[in-house]
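Sequence positions in the sequence shown follow the UniProt record's numbering and run 1 to 606. The beta carbon of each residue, even a glycine, is placed where N, CA and C say it ideally should be. Everything numeric in this text was worked out from a predicted model, so none of it was measured.
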Amino acid sequence: MTLSRPHSRLVVRRSRIVEISMGTAAVPICVSARLQAHMGWTGLRAVHEAVLDVRAVVCEAEEGKRLCAAMDVRFCYLIERKAHVYARKSTRHPLTLGEFSCWIIVFIKQSNDVRSPVRPDRITELVSRLQNLNPTIHAICTTAGAPGLSIGVLHSKHFIHSRHYASLSKSLTASAVGILVDDGKLSWTTPIRSVLPDLDSQDNIVNEQATVVDLLSHNTGLAVSNHWWNGAGGEVLLAKNATMAAFNALPRNGKFRNKFYYSNWGYCLLGEMIEKLSGMAYNAFLQKRIFIPLQMKRTSAVHNDSDTNLAKPFAILDDKSAFLLPYPKVQEGTLMAPAQAVRSSTNDMLLYSSALMEAYKSNLPGTLEATYGFGVYRFQLPQTIAGVGCNPMFVKSMPNIVPGPHGGLVLRHHGSVARYTSFFVLLPEYDVAFFVAVNSIGLGDPAGWIAQLIIECVVETPCPSDYVALAHEAAEAHADRQASNARSLEEERKEGTQPKPLTAYVGDYVGLGGLFKIQIRLIDDAYLQLAFQGLDSQVFDLQHYQHDMFTWVIPFNELAKRVRFTFAGPGVYKLNFMANADSEIDRVCWLNEPGLPEGESCLSKQ
């Protein structure tokens with residue numbers, strides 16, 4: 001979405017500015033507008049004329065006329081769709097009638113300002129502002145549960161702030177793919193099947209059309225569930241040599257290239273491509289082409305748990321106490337290594353961030369967008385920094401970050417395993433990069449709140465958000481998650497139904513192309529137990545719910561201590577046993593991924 005090149009098919013037929021409020025100083029001015037528009041079929045991005053209307057009103061005002069004449073005025077906008085209906089059903093090109101809330105941010109800056117908003121003479125001021133965040137950061141850590149925290153901030157290749165572990169492996173995997181592209185061994189549009197001929201997805205469009213870019217940007221439309229491989233205690237339930245077979249068995253959960261589905265599976269395939277094209281193991285390639293050249297001495301996908309200089313991982317319980325967990329088991333030679341295996345340090349991540357910053361130093365267009373691709377999310381402020389992370393699940397609304405006079409592009413990625421969370425951010429227009437790591441899965445995501453706090457600090461927002469209050473809201477809701485799931489299930493339960501004899505459900509149920517098993521056991525002739533992959537370490541008791549459906553909801557603290565993510569909704573905890581025409585139980589359906597059709601989530605009884 002740009003101001004200079006509005007789409008020719010998208011025209012705002014009618015726009016009305018309801019209210020404009022102007023400030024009196026040469027600082028960002030927030031302009032509130034409501035738009036009523038008939039939009040073209042292509043999308044909902046045509047607000048160019050409305051922005052021009054605002055510009056005209058601002059610049060025609062007595063005060064605005066002086067500012068517009070003397071200074072450089074820049075306009076950005078952020079739209080929230082409130083409602084839409086479709087018209088002209090008789091045609092192939094329906095119109096969309098939409099009503100939108102539109103915040104238009106007017107940036108006014110001195111015309112002789114230098115390009116970099118963080119000039120050398122302002123570094124001391126930035127460092128001071130960062131240091132002033134310490135009480136807020138401490139409050140967030142206390143509220144959300146962060147036993148250990150590491151923060152590093154870099155400006156113009158120099159470390160300017162640190163407060164002294166976590167996975168951001170996808171970004172490194174994307175960088176490795178980029179190196180292969182530079183080497184001429186790959187292109188961004190290389191079909192996956194041309195490198196991995198065993199690709200045989202259930203969706204033939206993926207087989208025929210999927211490219212490197214589709215895996216990097218999570219656009220295959222295939223199911224993304226981590227429950228197939230991520231077990232209690234951090235056990236990896238599938239072997240690395242099952243990568244291709246598991247990917248081939250993933251059911252479709254959307255249309256190809258139609259919707260973003262954040263997935264670890266695509267990056268596993270990229271890891272296979274890296275190893276095949278380079279002739280090297282994944283970690284060996286990263287070491288040779290990235291870690292050693294950048295002098296990242298504390299970064300590796302091969303783990304040494306005897307290392308004493310390693311942050312211990314914790315689960316935060318509902319009373320905010322910390323429970324010590326074992327170290328992650330995803331590493332070189334295991335499934336998901338290209339998505340989660342890399343261990344690093346704050347200093348090493350800043351060295352990596354500096355290298356990425358150099359690559360992004362160019363006059364990028366000021367588009368207001370939120371996109372993902374090649375291992376990072378891209379946002380143009382003003383914007384909500386959404387995406388991966390659990391915070392949006394536990395607050396009513398995420399904050400919109402409004403920048404100071406210089407606006408700004410944000411490139412960021414969020415990493416999490418059920419022990420650590422991390423956030424790295426690049427602000428190319430400010431020549432600033434920073435990294436936040438927390439050694440726990442907290443109540444909410446403290447790394448996410450702290451990262452947004454630092455972004456607001458760097459861009460000098462005129463509208464700071466209350467991240468302590470947001471952290472408190474998220475922590476309260478997250479701690480109540482399992483109790484809330486139990487309440488929701490109870491409210492929906494049909495009373496008075498009876499199950500079949502428990503022996504009817506006992507057996508092995510197999511899915512994911514024969515790679516994944518749910519074993520149902522009868523314990524003491526009294527109750528049922530499920531065992532993922534038939535492993536004693538993956539056992540959960542079942543409770544009858546209704547008819548032939550059982551649940552395995554367990555208390556929040558037990559779930560956390562068993563190294564399971566603690567923010568899943570109630571649907572994950574349902575097992576719906578199905579009968580054939582002879583009334584014999586022959587399959588079980590487990591909706592372990594939102595939106596997945598029930599028929600795509602069933603495992604057959606052996």
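Using a Cβ-Cβ cut-off of 7 Å (strictly less than) and excluding sequence neighbours within five positions of L325, which residues of its own chain qualify?
Against the sequence shown, residue 325 aligns to sequence position 325. P313, F314, A315, R419 and V563, listed in sequence order.
If we count Cβ pairs, one from each stretch, closer than 8 Å, do we get three or more for the segment 433-446 versus the segment 144-154?
yes
As assigned by DSSP and simplified to three states, the class of R193:
Taking the sequence shown and counting its residues from 1, the one referred to as residue 193 is at position 193. Three-state DSSP puts R193 in a helix.
Measure the alpha-carbon distance for V376 versus Y352 and round it to whole angstroms.
Translated into positions along the sequence shown, residue 376 becomes position 376. Translated into positions along the sequence shown, residue 352 becomes position 352. Taken atom to atom, the span from the alpha-carbon of V376 to that of Y352 is near 13 Å.
With a cut-off of 8 Å, do at least 3 Cβ pairs link the segment 227-243 to the segment 184-202?
Three or more beta-carbon pairs separated by less than 8 Å are not found between the segment 227-243 and the segment 184-202, which leaves the two stretches without contact.
Where Q110 and G408 are concerned, what is the direct C-alpha to C-alpha distance, given to the nearest angstrom?
The residue labelled residue 110 in the question sits at position 110 within the sequence shown. The residue labelled residue 408 in the question sits at position 408 within the sequence shown. Bear in mind that a pLDDT of 35 at Q110, under 50, signals an unreliable position, so the model cannot answer this.
Can we say the segment 543-552 touches the segment 565-576, given the rule of at least three CB pairs closer than 8 Å?
yes
Where N264 and A339 are concerned, what is the direct C-alpha to C-alpha distance, given to the nearest angstrom?
As a working note, residue 264 is residue 264 in the sequence shown. As a working note, residue 339 is residue 339 in the sequence shown. Cα-Cα distance, rounded: 6 Å.
Extent of the continuous alpha helix (DSSP H) to which C602 belongs:
Taking the first residue of the sequence shown as 1, we reach residue 602 at position 602. Counting along the chain, C602 falls outside any alpha helix (DSSP H), though it belongs to the beta strand (DSSP E) covering C602 to K605.
For K157, count the other beta carbons within 10 Å of its own beta carbon; 16 or more makes it buried, fewer makes it exposed. Which is it?
By 1-based counting over the sequence shown, the position of residue 157 is 157. Flag for K157 reads exposed.
Assuming the contact rule is C-beta atoms closer than 8 Å, L381 and V459 should be a hit. Round their C-beta distance to whole Å, please.
Position 381 of the sequence shown, counted from the start, is the residue given in the question as residue 381. Position 459 of the sequence shown, counted from the start, is the residue given in the question as residue 459. Confirmed, about 6 Å.
DSSP state of I137, grouped into three classes?
Walking along the sequence shown from the start, residue 137 turns up at place 137. Here I137 sits in helix by DSSP.
Can you tell me the Cβ-Cβ gap for N485 and G569, rounded? I've got them flagged as a contact below 8 Å.
In the sequence shown, the residue the question calls residue 485 occupies position 485. In the sequence shown, the residue the question calls residue 569 occupies position 569. Between G569 and N485 the Cβ distance is about 7 Å, and since that is below 8 Å, they are a contact.
Whole-angstrom Cβ separation of P555 and Q482, contact assumed at under 8 Å?
For the purposes of this step, residue 555 is taken as the residue at position 555 of the sequence shown. For the purposes of this step, residue 482 is taken as the residue at position 482 of the sequence shown. P555 to Q482, Cβ: 6 Å. Contact.
From the DSSP output, which residues share a beta bridge with A245?
Within the sequence shown, numbered from 1, the residue matching residue 245 stands at position 245. None, per the DSSP bridge assignment.
Using alpha carbons as the reference points, say which of A337, N439 and Y267 lies closest to A311.
Residue mapping note: residue 311 aligns to position 311 of the sequence shown, counting from 1. Comparing Cα positions, the closest option is N439.
C-alpha distance - H155 paired with M357, whole-angstrom precision
Along the sequence shown, read from residue 1 onward, the residue named residue 155 stands at position 155. Along the sequence shown, read from residue 1 onward, the residue named residue 357 stands at position 357. Looking at the two C-alpha atoms, the distance is approximately 10 Å.
Give every residue of the same chain whose Cβ lies closer than 7 Å to the Cβ of R92, excluding the five residues on either side of it in the sequence, and list them in chain order.
The sequence position of residue 92 within the sequence shown is 92, counting from 1. Any answer about R92 is weak, because its pLDDT of 38 lies below 50 and its placement is not dependable; what the coordinates show is given next. Answer for R92: no residue qualifies.
With a 10 Å radius around its C-beta and 16 neighbouring C-beta atoms as the bar for buried, classify I292 as buried or exposed.
The residue labelled residue 292 in the question sits at position 292 within the sequence shown. Classification of I292: exposed, given that the 10 Å Cβ count is below 16.
Reduced DSSP category for H472 - H, G, I as helix; E, B as strand; rest coil
Locating residue 472 in the sequence shown gives position 472, where the first residue counts as 1. Three-state result, H472: helix.
Which residues DSSP lists as bridging Q383, in chain order:
Locating residue 383 in the sequence shown gives position 383, counting from the first residue. For Q383, which the question treats as bridged, DSSP gives the partners I401.
Under the DSSP definition of a beta bridge, which residues are partnered with V588?
Here residue 588 corresponds to residue number 588 of the sequence shown, with the count starting at 1. Bridge partners of V588: F577 and L603.
Taking only the alpha-carbon atoms, compute the straight-line gap between V506 and R521 and give it to the nearest angstrom.
The sequence position of residue 506 within the sequence shown is 506, counting from 1. The sequence position of residue 521 within the sequence shown is 521, counting from 1. Cα atoms of V506 and R521: separation of roughly 6 Å, rounded to the nearest angstrom.
Given A249 as reference, the closest of K561, A526 and L515 once Cα atoms are compared:
Taking the first residue of the sequence shown as position 1, residue 249 is located at position 249. It is L515 whose Cα lies nearest to the Cα of A249.
Please state whether DSSP places V425 in a helix, a strand or coil.
On the sequence shown, position 425 is the one that residue 425 refers to. Correct three-state label for V425: strand.
What residues in its chain sit with their C-beta under 6 Å from that of K494, if we drop five residues either side in the sequence?
By 1-based counting over the sequence shown, the position of residue 494 is 494. Excluding sequence neighbours, K494 sits near Q546.
Please classify P428 as buried or exposed, where buried requires at least 16 other C-beta atoms within 10 Å of its C-beta.
The residue given as residue 428 occupies position 428 in the sequence shown. It counts as buried.
CB-CB under 8 Å to V468, same chain, minus the five flanking residues each way: which ones, in chain order?
In the sequence shown, counting from the first residue as 1, residue 468 sits at position 468. Setting aside the 5 residues that flank it on each side, V468 is surrounded in the same chain by T136, A139, I140 and T143, each with a C-beta closer than 8 Å to its C-beta; the list follows chain order.
Determine, for V572, whether the minimum Cβ-Cβ distance to residues of chain B falls below 9 Å.
Among the protein chains of the structure shown there is no chain B, as only one such chain exists.
Best match in A471, P464, V510 and I454 for proximity to S128 [C-alpha to C-alpha]
In the sequence shown, the residue the question calls residue 128 occupies position 128. Of the candidates A471, P464, V510 and I454, the one whose C-alpha sits nearest the C-alpha of S128 is I454.
Bounding residues of the beta strand (DSSP E) (the contiguous stretch that carries M549):
Numbered from its first residue, the sequence shown carries residue 549 at position 549. Taken as a continuous stretch (DSSP letters only), the beta strand (DSSP E) holding M549 covers M549 to T551.
Is Y467 helix, strand or coil by DSSP?
For the purposes of this step, residue 467 is identified with residue 467 of the sequence shown, where counting begins at 1. In the structure shown, Y467 adopts helical secondary structure according to DSSP, grouped into three states.
Determine contact between the segment 577-585 and the segment 238-256, defined as no fewer than three beta-carbon pairs at a distance below 8 Å.
no
Starting from K517 and walking both ways along the beta strand (DSSP E), at which residues does that stretch end?
Residue numbering aside, residue 517 sits at position 517 when the sequence shown is read from its first letter. Where K517 is concerned, the enclosing beta strand (DSSP E) stretches over F516 to I523.
Going straight from the alpha carbon of Q533 to that of L591, what length do you get?
As a first step, residue 533 must be located in the sequence shown, where it is residue number 533. As a first step, residue 591 must be located in the sequence shown, where it is residue number 591. Whole-angstrom Cα-Cα distance: 17 Å.
Run the CB neighbour count on S194, radius 10 Å, all protein chains shown included, and call it buried at 16 or more, exposed below.
For the purposes of this step, residue 194 is taken as residue 194 along the sequence shown, with counting starting at 1. By the beta-carbon neighbour count (other beta carbons within 10 angstroms, threshold 16), S194 is exposed.
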